[in-house]
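Protein chains: 6
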Amino acid sequence: MSEFGKLGVAVRTIARADAGLVERLGRAGVATVHEAQGRTGLMRPYMRPVWPGATVAGTAVTVLLHPGDNWMLHVAAELLQPGDVAVVAVSSDNDDGMFGDLLATSYRARGGRGLVIDAGVRDARVLAEMKFPVWSKAIHAKGTVKATVGSVNVPIVCAGMLVEPGDAIVADDDGVVVVPRERVAPVAEAADAREKKEEANRKRLAAGELGLDLYGMRDALAKAGLRYMD
Amino acid sequence: MSEFGKLGVAVRTIARADAGLVERLGRAGVATVHEAQGRTGLMRPYMRPVWPGATVAGTAVTVLLHPGDNWMLHVAAELLQPGDVAVVAVSSDNDDGMFGDLLATSYRARGGRGLVIDAGVRDARVLAEMKFPVWSKAIHAKGTVKATVGSVNVPIVCAGMLVEPGDAIVADDDGVVVVPRERVAPVAEAADAREKKEEANRKRLAAGELGLDLYGMRDALAKAGLRYMD
Amino acid sequence: MSEFGKLGVAVRTIARADAGLVERLGRAGVATVHEAQGRTGLMRPYMRPVWPGATVAGTAVTVLLHPGDNWMLHVAAELLQPGDVAVVAVSSDNDDGMFGDLLATSYRARGGRGLVIDAGVRDARVLAEMKFPVWSKAIHAKGTVKATVGSVNVPIVCAGMLVEPGDAIVADDDGVVVVPRERVAPVAEAADAREKKEEANRKRLAAGELGLDLYGMRDALAKAGLRYMD
Amino acid sequence: MSEFGKLGVAVRTIARADAGLVERLGRAGVATVHEAQGRTGLMRPYMRPVWPGATVAGTAVTVLLHPGDNWMLHVAAELLQPGDVAVVAVSSDNDDGMFGDLLATSYRARGGRGLVIDAGVRDARVLAEMKFPVWSKAIHAKGTVKATVGSVNVPIVCAGMLVEPGDAIVADDDGVVVVPRERVAPVAEAADAREKKEEANRKRLAAGELGLDLYGMRDALAKAGLRYMD
Amino acid sequence: MSEFGKLGVAVRTIARADAGLVERLGRAGVATVHEAQGRTGLMRPYMRPVWPGATVAGTAVTVLLHPGDNWMLHVAAELLQPGDVAVVAVSSDNDDGMFGDLLATSYRARGGRGLVIDAGVRDARVLAEMKFPVWSKAIHAKGTVKATVGSVNVPIVCAGMLVEPGDAIVADDDGVVVVPRERVAPVAEAADAREKKEEANRKRLAAGELGLDLYGMRDALAKAGLRYMD
Amino acid sequence: MSEFGKLGVAVRTIARADAGLVERLGRAGVATVHEAQGRTGLMRPYMRPVWPGATVAGTAVTVLLHPGDNWMLHVAAELLQPGDVAVVAVSSDNDDGMFGDLLATSYRARGGRGLVIDAGVRDARVLAEMKFPVWSKAIHAKGTVKATVGSVNVPIVCAGMLVEPGDAIVADDDGVVVVPRERVAPVAEAADAREKKEEANRKRLAAGELGLDLYGMRDALAKAGLRYMD
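Quick mapping for you: the protein sequence lines, in order, are chains U, F, R, B, C and X. All letters in the first sequence, in the order written, are residues -16 to 213 by this note's numbering. All letters in the second sequence, in the order written, are residues -16 to 213 by this note's numbering. All letters in the third sequence, in the order written, are residues -16 to 213 by this note's numbering. All letters in the fourth sequence, in the order written, are residues -16 to 213 by this note's numbering. All letters in the fifth sequence, in the order written, are residues -16 to 213 by this note's numbering. All letters in the sixth sequence, in the order written, are residues -16 to 213 by this note's numbering.
What follows is the structure, encoded as structure tokens:
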């Protein structure tokens, strides 16, 4: 981790999580992947999709910016490969509109699948029309300068979660989850297993069976001291 | 109120507000019910519907949870009756995803009409597809444990408002309002009267009449010191 | 500015920005107008449209209220002219539902085009059905009193931005921008020029050209110390 | 609870928690009383003392205000008895400076011991010099009007906690806790017992004994799955 | 106001409020000045003194910065005159540590009396030791760049309040209030009168007289509908 | 980083930053260390000392908790060595009072120097009397359970910053900064150099020299477009 948060560096070559496994994680969705990973990996809940229904799964190209300055987003464009998602941190809290429809056009042209940014974005309506998936902390028209270098493809903390270049990123209406590159295989496996089990449970619950019985909770509740009264 | 906030208790039998009156309150909507009740009963405005257009009216089954622990939501499922809305408080601030599509399936199967929770929920897209109405403080995939008992059907404070089991709950795009069980009749009456009056006023305002004249405000404004200038 | 924030005054006659230029600003949208104006004029990003897709451009009728009191919104109704947008500040932070469907009906009947309010509104669903554009800080059913006089058409600060009566207001999904009345002509000019330039850039970026080359950033990045690594 | 949040009422006669027991609760302090009461009764942590080191224990005279309006604080002054603490809620979020040194002078003259207010106060330095204990949500010079009636001595929710007139209030650097009037005896008992036990534990911990051993946690940790690694 | 928020300008010559009157305002304090000015002029309450007990009164040298960039604070140093207070806005929300002990040393050497900044500061302990009065939104060690020009001595909005160069600034534990340069005389007059009146009232309240009687509120309360109950 | 955020593990043996270098970092203080490290390593500014004047420098023993559950703080006590600072993250936002005077007594007895916790603490007054340095997000009396295992000595994100076991932690009134274990030597070097340079600059600024001249900014400002006006 010696490069964590290092400034002034753009790393061209990174190892990426396996594309097929990333797809499988994407089909499972954020809540299931988070559970399958032992309830870890979630960004904080203030990260919201710019348009409802947005979903994405891809490999992280990480970007570290300074407040009010989006210069590195242009550097990142060149380093995006098909299947990548740009994941952007700022060196301190900032809501400026770092990203808009022109950058989205460029990212898509380079194969970029989406953006996760711990800052603001603008051109919200056009992003929705383009169906370019974006998760951000704010929507804000505020423009930015291009004056101070940050970094591309160093480990960062985005919305409270560590992200290393090449990690798998899954995002939907429930938020954003990060799966470290070397863990995508077992997590995808566990996610699929969980999905199957939940599907079976859903049917029983829909038929009126209680979770208390389905999950066998009654004894534990009594032992923990729950007392029923009329 | 000796049971307020008491932990470790699940009360099976509660008196519920009259179903027909609750329906009438639901038709009036949150803003009108709040006014009809003398401008009281509103939860704080951070409580937002998980999907736009959600509305619900029902009788409260109250739940008290601990942060990071949704165990009592399963206990509540068994105590829900058709027409109920689960109203959930947490013993301290927490955004975890306490409730998702499996619990929604279960609640619906038991006749539950919706959920009002001063915490987070997940599976937001499925909740919208199911048209299961939910008001919450956050959307967050974060999973929870089942380790510490809280309570069901004791008086609670949810999003700043006191809720007693069996109270009427009305929720829509404007927020959530609570009507104490014993007051539903006069409040429904007052809400209907207010609706009628507003309908008449709406027509006059649409025709260009001013509120200044319609409500006879000009004298009071002058007395209060308002001065017109050109 | 000697009238800034003055209380107890309603000014009947104000100079308004040119209607044709305001329309042009509206077509350009918030992000472009903000850039065209030298990156100034934006309200803070907590101001959000009550319904998605809302847009408005008009001339400001300013209103200064007290917390929990919407009396002056009725005084403002009489002073609205076709093409106006009411812009509302409160003398201290307040989320109460100051404005709802009856006032929207009245404002529309008087030619009002929309509302920008640094407080709460209610009847959110009806406002959406009416397609009456509103930007606010909160949605809250909380009713207000009519007891203390504020002002209409004095300079105010709304959501962090100075607004003088007659200024141009443009609002959309990206937020709210204010253009001082005397600057609408050059700003509209600059906005149109910027739009044209962006359209050309959009095509080149869509074709895969990089911003690094399009904007000639490579030398400046190297000078600023960016180092590429493999 | 039929009077919960009722507006326009000032109740002259209330039953108060026993003064001696309230003193005992005060000596135990907020954290201990909260634990002794089964981890209930705490207001939310945004309530902070206006000056460091402030402590108070007393019986609640409750006040319900409207945003921007402190009229009822004068009504409450007359109803204060020696040993009382005024506990103030507002019908919606408000940071205005509802209370300052003149009211503090008046409250003290009537025997009032302190103030807990879910809003703002002013004259912070004089309050500190007077050693008048105040817990509030904000310090703000903003003045208020006297135009709309609220209530005195009805049940209220203050900073997320239900308070009934006459309840015991204990406040210190750790926050504010409410003990229902009818529970002060057992809670004072439990608080004293807890204090004694903690004193013994403190000595053993100070001598280097581990909580793991003192509380016998090692087996439970192993069963819960904790794994030690080198 | 045509220069409001203009970027890239440093204005050398400004008219300043009368020094003697500014002193009188300072003696009255923030709450009194705000009342004397008709309850206007306050910044938002998140502006807090960096060390307790700080007070200042002076004339505003205004500064407009960009997020993460404190360059203009050096430009302002040269334009400070004895008796000035630097008042600093940022073009979007930012908590970076824009100002520390070196700038405080420089400002003091130039006659600067203090700082009011809608951003962060650092070296908090040294500022306290120097007794250099600072009001800010945050304390944060985060360093800033010097890359983009803002302005000095143009009208700005700081913490929600309009400030023009040369306005009087008064700050203490209760917050920050701005008095427009041309109004300092009548406001100082009104503040002194208010002080005298409050002093008299303080004595009567300390003697146990009630505000209800002192201010003659009983009739108005009854008319407004207050009902006493036992 | 394969252990990042892993749950259910307590690592007994960690490498620690050199004690002498950590002392040097502590003497330099947070702002200087942050600058010396290339403006990286800071936690977010909501982390505040529980008592004014607290300072600490030590080596990190990291702890990962669940909301409402402080069990692992007892596990950490055993793994503390003289010179350590416990650094605590929670798996989701939580303000509960995770740590109080008993744990402080235990930590001190084991050689622990302080606590940095992205959650709440209690017994604030006793912590101040003990002079036990604590940085936290909240002060809250709310008690916690001991039911779910987290981890000790795995890499965590605390208040937005990555912390690995054994890293150097420096905290004072300006916040908290983390220096990776392997970088303490060059950062201590750079910090000392910076201190010396600042000392020299302080004298020149105190003598009235301007930063504009001292740092040679006039040309760059002119090139960047700053225009002086009278």
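Positions of the beta carbon are idealized from the N, C-alpha and C atoms, including for glycine.
Quick one: measure Cβ to Cβ for Glu61(F) and Leu197(U), integer angstroms, because I've assumed they're closer than 8 angstroms.
About 12 angstroms separates the two Cβ atoms, so there is no contact after all.
Which one of Gly24(C), Arg96(C), Thr(-4)(C) has the shortest CA to CA distance from Val146(C)?
Cα-wise, what sits closest to Val146(C) is Gly24(C).
Does any residue of chain B have a CB that is nearer than 8 angstroms to the CB of Val140(R)?
no
Nearest to Val13(C) (by Cα), restricted to the options Tyr211(B), Val99(B), Ala151(B), Arg108(B):
Arg108(B)
Use the C-beta contact count for Lys114(C): other C-beta atoms within 10 angstroms, 16 or more gives buried, fewer gives exposed.
Its Cβ having fewer than 16 others within 10 Å, Lys114(C) is exposed.
In whole angstroms, what separates the C-alpha of Gly21(U) from that of Gln20(B)?
34 angstroms
Within 10 Å of its beta-carbon, does Arg210(R) have 16 or more other beta-carbons around it, so buried, or fewer, so exposed?
Classification of Arg210(R): exposed, given that the 10 Å Cβ count is below 16.
At the 8 angstroms Cβ level, is Lys179(X) part of the contact set with chain B, yes or no?
No, Lys179(X) lies away from the interface with chain B (no Cβ there is under 8 angstroms from its Cβ).
Identity of the residue in Leu86(C), His49(C), Pro35(C) nearest Lys129(C) by Cα
His49(C)
Under 9 angstroms Cβ-Cβ, which residues of chain U neighbour Pro116(C)?
What Pro116(C) touches in chain U: nothing, since even the nearest Cβ is about 25 angstroms away.
Thr45(B) bridges to which residues according to DSSP?
Val70(B)
On the CB-based measure, 16 or more other CB atoms within 10 Å of its CB, does Arg105(C) come out buried or exposed?
buried
Report yes if the C-beta distance between Gly66(B) and Gly97(B) is below 8 angstroms; otherwise report no.
no
Using a Cβ-Cβ cut-off of 6 angstroms (strictly less than) and excluding sequence neighbours within five positions of Gly(-12)(B), which residues of its own chain qualify?
none
Compare the C-beta of His17(C) with all C-beta atoms of chain B and state if any pair is closer than 8 angstroms.
With 8 angstroms as the cut-off, His17(C) counts as an interface residue toward chain B.
The beta strand (DSSP E) that contains Gly97(B), what's its start and end?
97 to 104
Closest to His57(X) by CA distance: which of Val132(X), Met200(X), Pro169(X) is it?
Looking at the Cα atoms, Val132(X) is the closest of the given residues.
Ignore the nearest five residues each way along the sequence and tell me which others in Arg7(F)'s own chain have a CB closer than 8 angstroms to its CB.
Ala171, Ala174, Asp175
Among Asp156(F), Gly126(F), Arg(-1)(F), Ala124(F), nearest to Glu112(R) - alpha-carbon criterion
Among Asp156(F), Gly126(F), Arg(-1)(F), Ala124(F), the Cα nearest to that of Glu112(R) is on Asp156(F).
What does Arg210(U) touch in chain F if you count any residue whose Cβ is under 8 angstroms from its own?
The contacting residues are Gly(-9), Val(-8), Ala(-7).
Taking the continuous alpha helix (DSSP H) assigned at Gly199(F), which residues delimit it?
First-last for Gly199(F): undefined, no H or E at that position.
Val167(R) beta carbon less than 8 angstroms from that of His17(R):
no
What does the alpha-carbon distance come out to for the pair Ser134(B) and Ala(-7)(B)?
5 angstroms
At 3 residues or longer, and completely inside the segment 103 to 165 of chain C: list those beta strand (DSSP E) runs for me, N to C.
117 to 122, 139 to 141, 144 to 146, 151 to 155, 158 to 162
I'd like the span of the alpha helix (DSSP H) that includes Ala(-7)(C), first residue to last.
Looking at the DSSP string, Ala(-7)(C) is not in any alpha helix (DSSP H); the run it does join, the beta strand (DSSP E), is -8 to -6.
Is the Cβ-Cβ distance between Val117(B) and Leu47(B) less than 8 angstroms?
no
Using CA atoms only, rank isn't needed, just tell me which of Tyr29(C), Ala190(C), Ala102(C), Gly9(C) is closest to Gly158(C).
Tyr29(C)
Lys120(R) to Ala124(X) span [Cα, whole Å]:
Between Lys120(R) and Ala124(X), the alpha-carbon positions lie close to 32 angstroms from each other.
Taking 8 angstroms as the threshold (beta carbon to beta carbon), is Arg7(C) in contact with chain B?
no
In angstroms, rounded to a whole number, what distance separates the CA positions of Gly143(F) and Trp54(B)?
22 angstroms
Answer yes or no: does any C-beta atom of chain B fall closer than 8 angstroms to that of Gln108(X)?
In the sequence under discussion, the amino acid at residue 108(X) is Arg, which differs from the Gln named in the question. Answer yes: the Cβ-Cβ gap between Arg108(X) and chain B drops below 8 angstroms somewhere.
Excluding the 5 residues flanking Gly149(U) on each side, which residues of the same chain have their C-beta closer than 7 angstroms to its C-beta?
Only Ile(-3), Ala(-2), Arg(-1), Ala0, Thr42, Ala43, Arg164 meet the Cβ criterion.
Note down, in chain order, each residue of its chain lying with its Cβ closer than 6 angstroms to the Cβ of Gly83(C), except the 5 sequence neighbours on either side.
Arg105, Asp106
Cβ of Asp67(F) within 8 angstroms of any chain U Cβ
Output row for Asp67(F): interface = no.
Interfacial residues, the segment 72 to 103 of chain U to chain C, with Cβ spacing under 7 angstroms:
Ser75, Asp76, Asn77, Asp78, Asp79
Expressed to the nearest angstrom, what Euclidean distance is found between the alpha-carbon atoms of Met212(U) and Ala151(X)?
Going from the Cα of Met212(U) to the Cα of Ala151(X) covers about 54 angstroms.
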